[in-house]
Amino acid sequence: MSDWQSDTSPAPASPGFPTASYVTLAGADWLASASARPGAVRSLWAQRPAAPSVLPCGTAFDVINAPALFGRRMVDRLWSDGPGSGPVAAHQGRILLFAAPGTAQRLPALLEWEEWAAAVPPLLCHGSGDAVTVPPLHPCAGPADRSAPPATRWLVAPDVRSPWLPGPDVLLWSCVRAARTDTGAGYAIGPERPVRAASGRAPEYAATALTSR
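Residue numbers for the sequence shown follow the working numbering, beginning at 12 and rising by one.
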């Protein structure tokens, strides 16, 4: 897999890596639309603006959950050489890439057939029936101590009502590019470990973790 343009979904309209770290009102509407009760989600945000939220996957978006370093390399590749990314968040040492619905089911199957899959670390693919924690809408709503970045924050915040979301082909491309970067930077292929469909689910497709030489 070497060409992200094999994906049939159109690329986002705005070039360059985005700098917004807060969610706009339109972006909040999109996030809330993932819930069966969007009005209740908005009310919760109004009452607890500093608190992260839990939203279901599978309707408005899926989420690909990657280790922090590998996930950042995926995002960098998407913006430097590819079509860009959808919303991206950091949560507890992981990177959450928001993707088109259905991606969580298809990406592991595509990775299984990719020759570079052995260099991709374990991914969690959250789709229908799963839920993820999303950061507060605005970084200023968090704690006053700014000595270190918050563990849960937006890296690419949603800012429109219908953001572009990468599909499985685009994310496969970014996985392969990030894996090539890793193997060229002093990493070796380690023992096989499973790609999991989501937290708590049984392993579905084989992938392999990276280990230092």
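Glycine is no exception: its CB is placed at the ideal position from the N, C-alpha and C atoms. Every value quoted in this text rests on a predicted model; they were computed, and no experiment measured them.
Can you give the Cα-Cα distance for residue i and residue j, rounded to whole angstroms?
| i | j | result |
| --- | --- | --- |
| Gly201 | Arg84 | Low local confidence applies: a pLDDT of 38 at Gly201 is under 50, so the model's placement there is unreliable, with the coordinate-based value given in what follows. Each residue's Cα considered, the two are about 19 Å apart. |
| Leu107 | Val74 | 6 Å |
| Pro60 | Ser54 | 10 Å |
| Leu135 | Gln58 | 31 Å |
| Thr70 | Pro112 | 6 Å |
| Cys186 | Ala39 | 28 Å |
| Trp184 | Phe72 | 19 Å |
| Val86 | Val171 | 19 Å |
| Tyr198 | Pro78 | At Tyr198 the pLDDT is 39, less than 50, meaning the model places this residue with poor confidence; the figure from the coordinates comes in the next sentence. Distance between the alpha carbons of Tyr198 and Pro78 is about 15 Å. |
| Ser32 | Thr192 | 26 Å |
| Trp56 | Ala168 | 16 Å |
| Ala130 | Phe81 | 10 Å |
| Val52 | Asp180 | 31 Å |
| Gln103 | Leu166 | 13 Å |
| Trp90 | Asp141 | 27 Å |
| Ala128 | Leu176 | 22 Å |
Kindly give me the distance between the Cβ atoms of residue i and residue j, rounded to whole angstroms, as I take these residues to be in contact under 8 Å.
| i | j | result |
| --- | --- | --- |
| Trp149 | Val65 | Residue identity differs from the one stated: residue 149 is His in this sequence, not Trp. About 18 Å; that fails the 8 Å criterion. |
| Asn76 | Arg117 | Going by Cβ atoms, the distance from Asn76 to Arg117 rounds to 16 Å, so no, they are not a contact pair. |
| Pro147 | Ala62 | 7 Å |
| Ala189 | Arg88 | 6 Å |
| Ser173 | Cys68 | Their Cβ separation, rounded to whole angstroms, is 17 Å, which puts Ser173 and Cys68 out of contact at 8 Å. |
| Leu36 | Thr114 | The Cβ separation is near 26 Å, so there is no contact. |
| Ala100 | Arg48 | That pair is no contact at about 22 Å. |
| Ala110 | Gly178 | 7 Å |
| His137 | Val143 | 5 Å |
For residue i, report the span of its alpha helix (DSSP H) as first-last.
| i | result |
| --- | --- |
| Pro49 | Pro49 to Gln58 |
| Val86 | Ala79 to Ser91 |
| Ala43 | Leu36 to Ala43 |
Please report the residue range of the beta strand (DSSP E) in which residue i lies.
| i | result |
| --- | --- |
| Trp165 | Thr163 to Val167 |
| Leu66 | Ser64 to Pro67 |
| Ala101 | Val99 to His102 |
Taking only runs that begin and end inside the segment 104–160, name each unbroken alpha helix (DSSP H) of 4 or more residues, in chain order.
114–123
If we count Cβ pairs, one from each stretch, closer than 8 Å, do we get three or more for the segment 120–128 versus the segment 80–97?
no
Could you tell me whether the segment 44–64 touches the segment 108–122, where touching means 3 or more Cβ pairs closer than 8 Å?
Look at the beta carbons and you see the segment 44–64 not touching the segment 108–122: under three pairs across the two are nearer than 8 Å.
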